[in-house]
Structure formats: C-alpha cells, structure tokens
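Residue numbers 62 to 319, in this note's numbering, belong to the letters of the sequence shown in order.
Don't be surprised by glycine CBs; every beta carbon is placed ideally from N, CA and C.
From a predicted model like this one, the values you see are computed outputs, not experimental measurements.
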Amino acid sequence: MAQRTFEELVAEGAAEPVAGWDFSWLDGRASEARPSWGYQRSLGGRLGEAAAVLDLQTGGGEVLGGALDSAVRTPPVLAATEGWPPNAAKATELLGPRGVVVVRTPEEPPLPFADGAFDLVTSRHPATVHWEEIARVLRPGGGTYFAQHVGPASGFELIEFFLGPLPEEVRRARHPEDEAAGARAAGLEVVDLRTERLRLEFRDVGAVVYLLRKVIWWVPDFSVERYEGRLRDLHDLIEATGPFVAHSSRTLVEARRP
Numbered sequence: 062m063a064q065r066t067f068e069e070l071v072a073e074g075a076a077e078p079v080a081g082w083d084f085s086w087l088d089g090r091a092s093e094a095r096p097s098w099g100y101q102r103s104l105g106g107r108l109g110e111a112a113a114v115l116d117l118q119t120g121g122g123e124v125l126g127g128a129l130d131s132a133v134r135t136p137p138v139l140a141a142t143e144g145w146p147p148n149a150a151k152a153t154e155l156l157g158p159r160g161v162v163v164v165r166t167p168e169e170p171p172l173p174f175a176d177g178a179f180d181l182v183t184s185r186h187p188a189t190v191h192w193e194e195i196a197r198v199l200r201p202g203g204g205t206y207f208a209q210h211v212g213p214a215s216g217f218e219l220i221e222f223f224l225g226p227l228p229e230e231v232r233r234a235r236h237p238e239d240e241a242a243g244a245r246a247a248g249l250e251v252v253d254l255r256t257e258r259l260r261l262e263f264r265d266v267g268a269v270v271y272l273l274r275k276v277i278w279w280v281p282d283f284s285v286e287r288y289e290g291r292l293r294d295l296h297d298l299i300e301a302t303g304p305f306v307a308h309s310s311r312t313l314v315e316a317r318r319p
C-alpha cells in the first residue's frame, strides 16, 4: 500500500468526529500505556456496592458504561453530569437506557444536587475539580470520591512541541500534593493517592491532529491552518525517526467525607 502523504494524514485527522471519550479511532495510529490500578475495573466493583452514585464530567458516558458492564448490580440511584452538548447527547443515548440520569450542567459550581445526596462520587479525567462541591454532595460518615485525574505535565513533550517551553507553574498544575491539599481543605480525608507516568506513542501526524481537536486544552488555539508548519515538522520527524514519544500522567484519588 502506498504511503500516505502529509496532506492525506492531516485530512483524515481533521475530518473524524471528536464527540465523546471513545479513542478507538487511534488504534494502530497512537497508543498509551494504562495505569496499573485499572480504574474502570475498580469502578465497576464499587458501583456494585453503592446506593447512590454521581459521575462527574462523564464525557460520552463510555467509562461509566464500561464500569456498569462489570458491576454485579446497578445502583438504585445513578446520575452523571456533562457540560459539552455533543457529549451530553451521546451520554444520554448510551446511559439513559441503563437507568442513568444525565444532567447537562456547566463545570462550574454549584452542582444541581442536594447536600449529602450520594455515597459515591466518581470522575475520570475531570477538567476541573471543585472539592467543596464534591464534599457537599457526599454523604457524611463515609461518602467517597473515587476518581482518576490527569496528573502534572501530562503529554507535555507533545504540547511543548507546538507551544514551546512552558513555565514551571503550568508544569506543576494538577500535582498530586496539591490535589490532596484541596481535598483536605474541603474537609475530606485522603485515603489513597497514587501517580504514574505512562508512555504515549504517536505513529502519524493524523493521530496528533485528531487528538488536539479532541483534547482542546492541550493546545488551546489549535487549528491545522495555524500550526501547519509544526505539523509538517512533526510529520517529517516521525517519517525519519519513528513514533513521537510523550508521557501521560495519571493520579488515582480516593477521598472520604468523615
């Protein structure tokens, strides 16, 4: 098969829909190692023991849906929030038939739920973490927040390829020590806190275009036209040396309301 050109690869990455958190389009084009704790699997076990669950910033509902597949039972009360309309629609389509109430709500507080309404609050890769709101909606006396956060300097080898070196305060954002301090300041007890750095590989420039369109906070002003020069540089680099390697950062957080 003839090797695809820069223009063909970029066009493929620019044309693919980016709603939801299904990254299967990247299969064979990019890869990311997974954390050792297996968040979705662990979440499935916890769902089976919970009475009332809230999944924050659920995206297209794929992670929660996968966890429900492995849960021994579905919680009697199960809600999810999402702020981006295309994702909220996708999550409603996926999760609604499974008894999940999907609420389209901004990421900023307050959450549209009563104090102490949930014994389990979850989230995978929330863009923002509002600890006081999480603490408020958790049931006193053991309500638990269980989540996988993006850690510090995640994907920065790729981000800085486009933006140049970033200041230290930006690299430190989402540091696990700061996450723990935020949880404790909101009155929560931090039960578990683990961080791992994981290998990312990009095998063609189309995969990078697709990802930067989907994960819009990595390069906030990204467009193919604006960054065509750097995209060409990246394409040439991959052609000459093989996959572009970066590292993601993931933090497992478990915090309990006393």
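message = Whole angstroms are fine: how far does the CA of residue 293 sit from the CA of residue 226?
response = So the two alpha carbons sit approximately 19 Å from each other.
query = Is any heavy atom of the ligand PLP found at a distance shorter than 7 Å from the C-beta of residue 130?
reply = Judged by which ligands are present, the structure shown has none, so any question about the ligand PLP falls away.
key: Per-residue DSSP class, three states only, for residue 321   = Look at the range of the chain in this structure, 62 to 319, and you will see that residue 321 is not part of it.
request  = Could you please give the first and the last residue of the uninterrupted beta strand (DSSP E) stretch that includes residue 272?
outcome  = Unbroken run through residue 272 is the alpha helix (DSSP H), 266 to 275; no beta strand (DSSP E).
query = According to DSSP, is residue 66 helix, strand or coil?
reply = Three-state DSSP puts residue 66 in coil, outside helix and strand.
ask   = Are the CB atoms of residue 179 and residue 159 nearer to each other than 8 Å?
value = No, they are not a contact pair.
message = Check this for me: beta carbons of residue 148 and residue 120, under 8 Å apart or not?
response = Yes, they are a contact pair.
ask   = Alpha carbon to alpha carbon, what distance is there between residue 279 and residue 229?
value = Using only the alpha carbons, I get a separation of about 16 Å.
query = residue 183 lies in the beta strand (DSSP E); which residues open and close that run?
reply = Element bounds for residue 183: 181 to 185.
task = Could you tell me which uninterrupted alpha helix (DSSP H) segments, each at least 4 residues in length, are contained entirely in the region 201 to 282, listed from first to last along the chain?
result = Secondary structure within the region 201 to 282: the alpha helix (DSSP H) runs of 4 or more consecutive residues, fully enclosed, are 217 to 224, 229 to 233, 237 to 246 and 266 to 275 (chain order).
ask   = Does the distance from the CB of residue 243 to the CB of residue 190 come in under 8 Å?
value = Yes. Within cutoff.
task = Mark residue 116 as exposed unless 16 or more other C-beta atoms lie within 10 angstroms of its C-beta, in which case mark it buried.
result = Buried is the call here.
query = For residue 299, does the count of other Cβ atoms within 10 angstroms reach 16, so buried, or fall short, so exposed?
reply = Counting Cβ neighbours within 10 Å, residue 299 comes out buried, since at least 16 surround it.
task = For residue 172, name the three-state secondary structure that DSSP assigns.
result = The answer is coil: DSSP assigns residue 172 none of H, G, I, E or B.
request  = Just tell me which of 206, 81 and 130 has its CA closest to the CA of residue 154.
outcome  = Nearest of 206, 81 and 130 to residue 154, Cα basis: 81.
request  = Below 7 Å CB to CB, which residues in the same chain sit around residue 295 once its five sequence neighbours on both sides are set aside?
outcome  = Only 222, 266, 269 and 305 meet the Cβ criterion.
inquiry  = Check for me: the beta strand (DSSP E) holding residue 308 runs from which residue to which?
reply    = Residue 308 -> beta strand (DSSP E) spans 305 to 317.
task = Could you give the DSSP three-state label for residue 92: helix, strand or coil?
result = For residue 92, the secondary structure class from DSSP, reduced to helix, strand or coil, is strand.
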